[in-house]
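What follows is a single structure, written as structure tokens, with notes after it.
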Amino acid sequence: MSDTPPGDTVLEVRDLHTHFFLRRGVVKAVDGVSFSLKRGEVLGLVGESGCGKSLTALSLMRLLPKGGARTIKGEVLLGGENILQHTPAEMREIRGRRISMVLQDPQTSLNPVFSVGDQLREAIERRRKGASLSEIMKEAVAALRRVEIAAPEQRIGQYPHQMSGGMKQRVVGAIAISGEPEVLIADEPTTALDVTIQLQYLKLLKRLQAENGMAILFITHDFGVVGRMCDRVAVMYAGRIVECGPVKQIFEAPQHPYTRALIASVPKMTGPAGRLTTIEGQPPSLMDLPVGCRFASRCALVEQRCLDAYPRSVRVGDAHTADCWKVSPP
Amino acid sequence: MSDQLLRVEGLKKHFAFTKGILFSRTLGHVKAVDDVSFDIKAGETLGLVGESGCGKTTTSRMILNLEEPTEGRILLEDEPISGLQGDALKAYRAKVQAVFQDPWSSLNPRMKVGRTIAESLIVNGWGDKEKIAGRVRELLLQVGLRPEQAEQYPHEFSGGQRQRVALAAALASRPKLIVLDEPVSALDVSIRAQMMNLLKDIQAQDNVAYLLVAHDLATVRHMADHTVVMYLGKIVEKAPTEQLFADVRHPYTKALFSAVLVAWPGRSEEEIELRGEVPSPLNPPAGCHFHTRCPYVMPRCSQQEPALREVSPGHAVACHLFDNA
Amino acid sequence: MAIVDRPSRTVVQRRWSLWRAMVWPRREAAPRRTARVPWIPIVIISVIVIMAVFAPLLAPHSPIDQTLRDKLLPPAWMLGGKDKYFLGTDAFGRDILSRLIYGARVSLIVALLALTVGGGVGLAIGIVAGYVGGAVDSILMRLVDAAFTFPAILFALLLAVTMGQGLGTLVIAISLLLWATFARVIRGEVLALRQRDFVALAKVRGCSSLRIMLTHILPNVLNTFMVLVTLNIGVVIIAEATLSFLGAGIPPPTPTWGLMISEGRGRIAEAWWVALIPGIAITLLVLSVNLFGDWLRDRLDPRLRQL
């Protein structure tokens, strides 16, 4: 269990830059991302594919893909310590213990040749060095029970292929929280699941969070999931967070034109079922980013200063900021 | 001739679950689709909703004549499609086209997109080279691409653009019906809205009917005139879309509605969280297939299978809760 | 070709590719872990190909004419060697360098023919088995299994006895050795391709099975086919040498590298160069071709291409 009292910042990311250095040029996939995460809070990181949200998560874990990706600037403060300066050995201690991760595809998250129990044991042994096998197995069963898997004593000996997608994702969750992390990064954990199973999983995550007060960074492209899960949302576009604020405010009064357009383009379950609002054009190439606002080329409100300089971050409300020239402080 | 473009009557598809290759023996049957009936009018959209394994994709594949039904009939303009051969099959293919979910898999990476779009015209001997090239240009414009993009290969397109190419290819032979199997679920939110608008515009221009296979109720609400909800191979509810969204009856449909994560925090409606998972279609529960997960289960549900019956004009439900309605 | 509007895939790297230019452009670029271009093997292969093509211009002597007076002369740089015969002469006084140059011709012609016939048959069978599936697939694959257990060299000897020695016999024998490998690998590729949506969509558009196999499946397995061809050139050259050595290949006096080894083997103690020089040539060529093939496979093989 974390020692930090509730409401305290457990993770702070400052001006994070992660770029891909390729022969053709530099892909600025994460280019100046800052946010903070409080204990017991769920922060949604929303954006379309290629906006850099998954790479942000991997940068936090320091698990960048091989092939030229490097974090070149910024700080990731976990409990006040900048983990970007940790040695690989120190990082291994942090992963799984203090920051954990659940990925999108439960199929590839589990090793098909080991039983569920073996994979849980590996995670538990790290935390409880020297514990006897029976103690560890008891804990593994308890871990499965916590993620509400029926008949955990039988499930523990089973292999991933004997389980459904939803069940596997629960096991992945059980492994991720077995180290009782302070921060859980969930990267699209329900995208591969059916809708009714997705609801079960989200509710489970909420219950687990209420139990141990971990902070969750929830990465998704689905505003429905955000509305259900998150306390705050950060909207990412072309490598930067363009707007960040409490969920209710973002939904009811989005300030950044991109957020507004994105929310308007989601098909609704209520209201008129007419034409949807669309965002014309494409995001800029991450290799050749404009000097000004990155959304300028698609923005209806664009004017000269948007093209000339990147907008300053405007505080539009309580803990609500937006990077836009057209937004003025209240 | 009835005003129905496509009629599906008592459609069943049972897959044999076998062991061995040359001398195989059957171990059991998966009833992927079990007694499904619905109609589509010309120029209308029917939404087919359900979770994975409910049989919606198998149904669409039978309509596309990619799978042979075990039982039941599919009629296009009152002509049954079973046993179509040669020219009759070609004529059917020209009338019924498809767009699939995965834009990365639906285009041949080694074929110029213009050639992909022209394929059905070439196969049908629709005209000479010049005429076909003209039609391809017209189609590219219709789906919002540039005519000169016909000369490009799929890897030069984004996901959304590929899906537009796939749509252009489907439209080439001026079909009466297009099966849209999750056409937008692989696309980003903003691109998704573009594609949905485009599909609606094309329907308005060409009077083409759509069979929209989807798992997302919000998409279906925006696109479909009628909606059919399936669970484990059977239809559990079917109604005009507006009516369905105003008055959900079947407990499973209600659960689906609860599970749709409305992009609005703090809703206060009744919420049904289903327990457990979808049972194996190899061994579905007796009686009503849904009774193992249903919050309103009654003793009757595990013994007797509910029939699909009308609860109000055009709105049919298969549930014992409405036996006396 | 410009990359148009590919926001979500900007990270994918595209590189110049010899085979893209030669065959077809491909959806994804080569993997990032590509090894360095194998220049030395490419130079060796080029030299041998040039030797084969321009043999009459390059060879200093006739490969067949015997000069018994000059028999078993060592290479020029050794004691007793003559400048006239740079790599020495064999037991009949024939120039080894000239025989080597002409022998490259035979080796490459045999490789080309056998790979066209054997590879082509394997390609066709692989596509049909993979696409049609069912009983056809089962039967064809059992044939492939049978071919793998088949003693190809023995069969080739049998063929040589019944049909007589010659290029035709050699090509048939080596093709029998090759087709099964091709068929098995190509079938695996096709099984995966068949699941792709564009194949189902082609059917929906009214394409016949034959058309789908030719326009949709075939172009997508050509990369794999090319890799198989390069990886098997070495196999063919060794098979040709082996069969010629055993006397089931091209009849003498036409020079082939295998035959040259065979002829020199009796005098390996006193005139090692007669057998050793063609042996070195075979080793160099096969090694170069394999290194080149490995590199090509790393670049094009779909299992490495993922990511």
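Chains as they are written, first to last, in my numbering: chain A, 39 to 368; chain B, 171 to 495; chain C, 362 to 668. Cβ coordinates follow ideal geometry from the N, Cα and C atoms, glycine included. Please read all numbers here as calculations on a predicted model, not as lab measurements.
query	result
In its own chain, which residues sit with a C-beta less than 7 Å from the C-beta of A:P67, not counting the 5 before and 5 after it?	Checking the sequence, you will find Ala at residue 67 of chain A rather than Pro. Once the five neighbours on either side are set aside, the close Cβ partners of A:A67 are T56, H57, F58, G90, L93, G277 and L324.
Within 10 Å of its beta-carbon, does B:M366 have 16 or more other beta-carbons around it, so buried, or fewer, so exposed?	buried
Measuring only between beta-carbons, confirm whether B:S222 sits less than 7 Å from chain A.	yes
Under a three-way DSSP split, which group does B:G256 fall into?	helix
Starting from B:H485, trace the alpha helix (DSSP H) in both directions and tell me its first and last residue.	Here B:H485 belongs to no alpha helix (DSSP H); instead the beta strand (DSSP E) covers H485 to V487.
Kindly identify the DSSP beta-bridge partner or partners of A:Y275.	A:R278
Flag this pair as yes or no: are the beta carbons of C:A636 and C:G625 separated by less than 7 Å?	yes
Quick one: list the residues of chain A neighbouring B:E443, beta-carbon separation under 9 Å, in chain order.	T234, L237, Q238 and K241
Can you find a CB in chain C that lies within less than 7 Å of the CB of B:G253?	no
Do you know offhand how far C:A496's Cα is from C:M502's?	10 Å
Does the Cβ of C:Y446 have 16 or more other Cβ atoms within 10 Å, making it buried, or fewer, making it exposed?	buried
Thinking C-beta only, is C:L419 closer than 7 Å to C:I462?	yes
Three-state secondary structure (DSSP) at A:T258?	strand
Is B:D351 closer than 7 Å to B:S230 when the C-beta atoms are compared?	yes
Residues in the same chain with beta-carbon distance under 8 Å from A:H199, minus the five sequence neighbours each way, listed in chain order, please.	P150
Starting from A:K66, follow the beta strand (DSSP E) in both directions and report where the run begins and ends.	G63 to K76
Output needed in chain order: residues of the stretch 455-470 of chain B with a Cβ under 9 Å from some Cβ in chain C.	none
Since B:Q267 meets chain C, which of its residues come closer than 8 Å, beta carbon to beta carbon?	V565 and R566
Would C:N593 count as contacting chain B if we go by Cβ distances under 7 Å?	no
Indicate whether B:M324 and B:Q267 have their beta-carbon atoms separated by less than 7 Å.	In the sequence as displayed, the identity of residue 324 of chain B is Pro instead of Met. Their beta carbons are not under 7 Å apart, which means B:P324 does not touch B:Q267 by this criterion.
Whole-angstrom Cβ separation of A:R135 and A:G217, contact assumed at under 8 Å?	4 Å
Would you check if the distance between the CB atom of A:V374 and the CB atom of A:E191 is smaller than 7 Å?	Past the edges of chain A, shown from 39 to 368, lies residue 374 of chain A, and the structure says nothing about it.
Residues of the stretch 381-399 of chain B in Cβ contact with chain A at a cutoff of 8 Å, in chain order, please.	H385, D386, L387, A388, T389, R391 and H392
Report yes or no: do three or more beta-carbon pairs, one from the stretch 460-474 of chain C and one from the stretch 598-608 of chain C, lie closer than 8 Å?	yes
Have a look at the DSSP bridge pairing and note the partners of A:N120.	A:L115
Three or more C-beta pairs under 8 Å: does that hold for the stretch 535-543 of chain C against the stretch 470-490 of chain C?	yes
Between B:K226 and B:V406, which are expected to be in contact by the criterion C-beta below 8 Å, what is the C-beta distance as a whole number of angstroms?	Actually they are not in contact, since the Cβ atoms of B:K226 and B:V406 sit about 12 Å apart, beyond 8 Å.
Can you name the residues that DSSP bridges to B:D204?	B:K182
Closer than 9 Å, Cβ to Cβ, to anything on chain C: give me those residues from the stretch 225-238 of chain B, in chain order.	R231, L234, N235 and L236
Helix, strand or coil: which one does DSSP assign to B:F492?	helix
From B:A394, B:A186 and B:C489, pick the residue whose C-alpha is nearest to that of B:K211; which is it?	B:A394
Could you confirm whether any beta carbon from chain C is found closer than 7 Å to the beta carbon of B:L478?	no
Taking Cβ positions only, does C:D506 come closer than 7 Å to chain B?	no
Is the separation between the beta-carbon of B:P476 and that of B:C489 shorter than 7 Å?	yes
Counting beta carbon pairs with one atom in the stretch 351-358 of chain A and one in the stretch 318-332 of chain A, are three or more of them shorter than 8 Å?	no
Identify each residue in the stretch 298-320 of chain B for which the Cβ-Cβ distance to at least one residue of chain C is less than 9 Å, and report them in chain order.	Q319
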